[in-house]
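By our numbering, the letter at position 62 of the sequence shown is numbered 1107, and the numbering carries on one by one without gaps. Just so it is clear, CB atoms sit at the ideal spot from N, CA and C, and this is done for glycine as well. One structure below.
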Amino acid sequence: MFLFESITLAQGVMWFVVLGALIGLNELSRRGPWAGMFFFIAVPVVLTIFVWPHTAGEGSSTGTWFHWVKVYSALAGCLGFLAIRYIPRLARNKYALIFPAGILALNILEACIRDFQVGAMGADGMVDGVYMLSGSWNYMNGVAGLINLLAITGWMGIYISKDKLTDMIYPDMIWPWIIAYDIWNFAYVYNCVGDHSFYAGAALLISCTIPAFFIRKGAWLQHRAHTLAFWMMFTMAVPAFVGDSQFAVESSHDPVALFTVSALALAANVALAVLQITKMVKGRKNPLKVEIYDDTEAYKQVVETIPGARPEQLAAAGVDAKEPVGV
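Below is the structure:
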């Protein structure tokens, strides 16, 4: 195969099991503050004390500094979002609403640094328990990630849904940015931990994109934080799953495949940048002050159907602020 070794039936079935488990756990974790605190405080504390020191140590494929930083930054995002969702004064504080975009930008920056680091290694073999092949693709994808980071907009428009789910809604984060992010992030995982990318790239990314498009629109960032935290906790506890179990799927380690996915990531993010700059210039919109995509159907659908949007957001969507909106 082009991207991976030949995939067995068991591996294909397990891919769907992982996808379903991540979507299901995300749904459970957003069902209230106690669910969030159980999954993102109690479980990680137990794992930190009793499990990870033994499973994610030196020589493990998940024992590098990056994996430790990644799991705790993902958990920090989940806890920060939980606080914003359930502490009303934080949800009303414009400075607190910088946090979601900030933690997202930090996670993207961490990955870009790792891509550049792998590119500079000149690697062609096992590094930190993972096979790596350095090349121009690392630099291309690092640049794509930085473009994606700079394209984050609309954090000032985040609101908390006024329904029983109390989700963190980010209406300006619509499909062009999400798709560009997904392609870039898959390329990053494929470049830097290629033998994990069948699950940590494809399944993990799709597990937050499906809910964002079909279950709870406007909540992609919340879905992403939850599913990433679950995956990182699992792989640090059971590194053999993606390492040498019967379900592990190796990358093809083909330079053409590596170059192709990074080129696609760079092209997608350049296209995103062109779209965004065009909208900013034509609409005379300052991304530090206003939302960029408030004239799109995707944006309008979110603020129209998920209660809690501000009057100015409803006005942008052409909805009377006094009219009730659906759940």
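As assigned by DSSP and simplified to three states, the class of residue i
{"i": "I1203", "result": "coil"}
{"i": "Y1140", "result": "coil"}
{"i": "M1213", "result": "strand"}
{"i": "D1019", "result": "Outside the modelled stretch of the chain, which goes from 1046 to 1372, sits residue 1019, for which no answer is possible."}
{"i": "G1102", "result": "coil"}
{"i": "D1340", "result": "coil"}
{"i": "E1357", "result": "helix"}
{"i": "L1054", "result": "helix"}
{"i": "F1049", "result": "strand"}
{"i": "S1290", "result": "coil"}
{"i": "S1297", "result": "coil"}
{"i": "R1159", "result": "helix"}
{"i": "D1208", "result": "coil"}
{"i": "N1221", "result": "The residue asked about is misnamed: residue 1221 is Pro in this sequence, not Asn. In this structure, P1221 counts as helix in the three-state DSSP scheme."}
{"i": "D1227", "result": "helix"}
{"i": "A1232", "result": "helix"}
{"i": "A1362", "result": "coil"}
Nearest-angstrom Cα separation, counted from residue j out to residue i
{"i": "F1047", "j": "S1307", "result": "14 Å"}
{"i": "Y1140", "j": "I1203", "result": "11 Å"}
{"i": "L1073", "j": "G1167", "result": "43 Å"}
{"i": "A1080", "j": "I1351", "result": "22 Å"}
{"i": "T1323", "j": "L1120", "result": "35 Å"}
{"i": "T1341", "j": "G1363", "result": "11 Å"}
{"i": "V1238", "j": "M1177", "result": "7 Å"}
{"i": "Q1056", "j": "V1294", "result": "7 Å"}
{"i": "E1155", "j": "P1098", "result": "22 Å"}
{"i": "G1371", "j": "K1209", "result": "Note that G1371 has pLDDT 46, beneath the 50 cutoff, so the model's placement of it is unreliable and the number below is only indicative. Straight-line Cα distance between these residues: approximately 13 Å."}
{"i": "D1365", "j": "T1093", "result": "49 Å"}
{"i": "I1143", "j": "L1195", "result": "14 Å"}
{"i": "T1198", "j": "V1326", "result": "15 Å"}
{"i": "G1174", "j": "T1211", "result": "41 Å"}
{"i": "Q1321", "j": "W1200", "result": "15 Å"}
{"i": "L1070", "j": "E1336", "result": "31 Å"}
{"i": "G1288", "j": "I1260", "result": "32 Å"}
{"i": "A1066", "j": "T1254", "result": "14 Å"}
{"i": "F1084", "j": "I1158", "result": "29 Å"}
{"i": "R1134", "j": "T1109", "result": "38 Å"}
{"i": "T1107", "j": "V1096", "result": "13 Å"}
8 Å CB neighbourhood of residue i in its chain, flanking five on each side removed
{"i": "N1193", "result": "I1153, W1222, A1225, Y1226, W1229, N1314, L1317"}
{"i": "G1180", "result": "G1164, P1300, L1303, F1304"}
Other residues of its chain near residue i: CB distance less than 6 Å, five sequence neighbours each side excluded
{"i": "K1115", "result": "M1277"}
{"i": "Y1338", "result": "D1217, I1219, Y1344"}
{"i": "Y1131", "result": "P1078"}
{"i": "S1256", "result": "Reading off the sequence, residue 1256 comes out as Pro, not Ser. The residues are H1268."}
{"i": "E1357", "result": "none"}
Beta-carbon contacts of residue i that lie in its chain and below 7 Å, excluding the five residues immediately before and after
{"i": "F1126", "result": "P1145, M1213, Q1267, A1270"}
{"i": "V1188", "result": "L1311"}
{"i": "Q1346", "result": "K1262"}
{"i": "V1234", "result": "H1241, S1242, A1245, G1246"}
{"i": "N1236", "result": "D1160, V1163, W1182, N1183, N1186, L1303, S1307"}
{"i": "G1353", "result": "Y1204, I1205, S1206, K1207, I1214"}
The beta strand (DSSP E) enclosing residue i, as first and last residue numbers
{"i": "L1178", "result": "1175-1178"}
{"i": "G1190", "result": "Per DSSP, G1190 belongs to no beta strand (DSSP E); it is in the alpha helix (DSSP H), 1181-1195."}
{"i": "V1172", "result": "1169-1172"}
Residue range of the unbroken alpha helix (DSSP H) whose run includes residue i
{"i": "G1125", "result": "1110-1131"}
{"i": "G1328", "result": "1300-1328"}
{"i": "T1198", "result": "No alpha helix (DSSP H) holds T1198; DSSP gives it neither H nor E."}
{"i": "F1258", "result": "Looking at the DSSP string, F1258 is not in any alpha helix (DSSP H), and its letter there is neither H nor E."}
{"i": "L1333", "result": "Segment: none, L1333 is in no alpha helix (DSSP H) and carries neither H nor E."}
{"i": "T1093", "result": "1088-1095"}
{"i": "T1280", "result": "1265-1282"}
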